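In the working numbering, the protein residues as written are 1 to 384.
Structural data, given as structure tokens:
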């Protein structure tokens, strides 16, 4: 039973992007990821029932306060803003439920440092394999972006970048620590670069730079090389993001400006601070109000998230969401810097201009890395 559970768990975390395999069971819309998580949950519960440890396992959730916080925040959002009848609410509710479930199983199954490192490595190798598959899928002309960015099947280039960036950081730092061969770091780097997602690339580079400056003694050649890379990234960002904003009527920065302008208007309402807009309700509120607020036709009506981590937690959960996020940042910053806290730093940096975690696989990554950043695991493997 234990071997079956480990097989299912490793398969699930390797194929996190199986949520792209969408289908219906009767009238219920589901996907490959949800099926894998459901099977993994059944195997996990079976082990605990037959070993008479189910009650203790349920009690163990108090150790994972990131997961508890998401549960409480979700309940508060429903109480404060009410149940919503639209699809976005139920999608976000389902995202949260499956993310909490898999994160809990991951953390309870892998309790030693070695086990968790192996789990993250399997997850990272799955991300790289998905990136390679995406490349072949694109080269076959099945999902080629107009600007030749590497996109995931049925998904955007930016989401593929969100998915790859944490593992690029992980494998790169492991390589710098001489604990991994560079092949995985190089593969993740090439996939990340091919997405042309400048937010993910810049944020990931900053995290690696922070690690090198704070943990390594750099010689002059290393410093010069890093400075050159920083200049190249800055030049590309200026050319691809800032220059189009100046020269044309549309760029991603122009769109973000409209998003943040509308968000600022929402924040003028006391009710927004109290209960947020409701779980997953930003899109509906944005589409209904953007034209009136900015006084013209918006660049886009379909805006799923507010493109800022602080705004995201406020709009989903109100003031308690913001307090949770700030407290989480404080707690992690008090701990000794680890590879997991560096990945959490990536989420924060990229989160200033985007929302790289409120999506099936990305929310799972955010929860797991946030919880792992908070403390040290046990050193003895638990007996199942």
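Ideal Cβ placement from N, Cα and C applies to all residues, glycine included.
These figures come from a predicted structure and were not determined experimentally.
Can you name, in chain order, every residue of its own chain whose Cβ lies under 7 Å from the Cβ of residue i, other than the five neighbours on each side?
i: residue 384; result: Residue confidence for residue 384 is low, a pLDDT of 41 falling below 50, so the modelled location carries little weight and cannot support an answer.
i: residue 286; result: 262, 303
i: residue 293; result: 261, 262, 265
i: residue 69; result: 324
i: residue 321; result: 73, 276, 313, 314
i: residue 331; result: 374
i: residue 134; result: 150, 151, 152, 153, 160
i: residue 108; result: 57, 60
i: residue 366; result: 347, 357
Is the beta carbon of residue i less than 8 Å from the beta carbon of residue j?
i: residue 319; j: residue 274; result: yes
i: residue 90; j: residue 361; result: no
i: residue 98; j: residue 34; result: yes
i: residue 192; j: residue 181; result: no
i: residue 149; j: residue 140; result: no
i: residue 92; j: residue 279; result: yes
i: residue 105; j: residue 9; result: yes
i: residue 471; j: residue 369; result: Nothing about residue 471 can be read from this structure; the chain reaches only from 1 to 384.
i: residue 371; j: residue 5; result: no
i: residue 36; j: residue 11; result: yes
i: residue 343; j: residue 170; result: yes
i: residue 66; j: residue 328; result: yes
i: residue 340; j: residue 305; result: no
i: residue 212; j: residue 226; result: yes
Grab the span of the beta strand (DSSP E) containing residue i for me, first residue to last.
i: residue 57; result: Per DSSP, residue 57 belongs to no beta strand (DSSP E); it is in the alpha helix (DSSP H), 54 to 59.
Residues in the same chain with beta-carbon distance under 6 Å from residue i, minus the five sequence neighbours each way, listed in chain order, please.
i: residue 14; result: 122, 126
i: residue 317; result: 73, 77, 276
i: residue 29; result: none
i: residue 31; result: 19, 21, 22
i: residue 380; result: Any reading at residue 380 must be qualified, since the residue scores a pLDDT of 48, below 50, and its modelled position is unreliable; the value itself is stated next. None.
On the premise that residue j lies in contact with residue i, defined as a C-beta separation below 8 Å, what is that separation, rounded to the nearest angstrom?
i: residue 208; j: residue 172; result: 6 Å
i: residue 202; j: residue 233; result: 6 Å
i: residue 124; j: residue 354; result: Wrong, their Cβ atoms sit about 21 Å apart, outside the cutoff.
i: residue 166; j: residue 301; result: Not confirmed; about 30 Å, so no contact.
i: residue 188; j: residue 168; result: 4 Å
i: residue 128; j: residue 184; result: 6 Å
Go ahead and pull the three-state DSSP assignment for residue i.
i: residue 86; result: coil
i: residue 298; result: coil
i: residue 30; result: strand
i: residue 407; result: There is no way to answer for residue 407, as the model of the chain reaches only from 1 to 384.
i: residue 373; result: coil
i: residue 43; result: helix
i: residue 224; result: helix
i: residue 340; result: helix
i: residue 51; result: coil
i: residue 284; result: helix
i: residue 219; result: coil
i: residue 380; result: A caution first: residue 380 carries a pLDDT of 48, below 50, which makes its placement in the model unreliable, though a value can still be read off. Looking at residue 380 - three-state DSSP - the assignment turns out to be coil, as it is neither helix nor strand.
i: residue 316; result: helix
i: residue 350; result: helix
i: residue 279; result: coil
i: residue 180; result: coil
Where does the unbroken alpha helix (DSSP H) through residue i begin, and where does it stop?
i: residue 24; result: No alpha helix (DSSP H) holds residue 24; the beta strand (DSSP E) holding it covers 22 to 25.
i: residue 272; result: 270 to 275
i: residue 256; result: 252 to 266
i: residue 303; result: Looking at the DSSP string, residue 303 is not in any alpha helix (DSSP H), and its letter there is neither H nor E.
i: residue 192; result: 183 to 195
i: residue 152; result: Element bounds for residue 152: n/a, residue is neither H nor E.
i: residue 446; result: A question about residue 446 goes unanswered here, because the residues of the chain that appear run from 1 up to 384.
i: residue 328; result: 319 to 334
i: residue 176; result: 157 to 176
i: residue 142; result: Careful: residue 142 lies outside any alpha helix (DSSP H) and carries neither H nor E.
i: residue 11; result: 2 to 14
i: residue 357; result: That residue, residue 357, is in no alpha helix (DSSP H); it is neither H nor E in DSSP.
At least one CB of chain B closer than 8 Å to the CB of residue i: is that the case?
i: residue 103; result: No chain B appears in this structure, which consists of one protein chain only.
Go through its chain and collect everything with a Cβ distance to residue i's Cβ below 8 Å, but skip five positions before and after it.
i: residue 272; result: 266, 314, 315, 318
Let me check you understand the geometry: is the CB of residue i closer than 7 Å to at least one non-hydrogen atom of the ligand NAP?
i: residue 313; result: Among the components of this structure there are no ligands whatsoever, and the ligand NAP is therefore not found.
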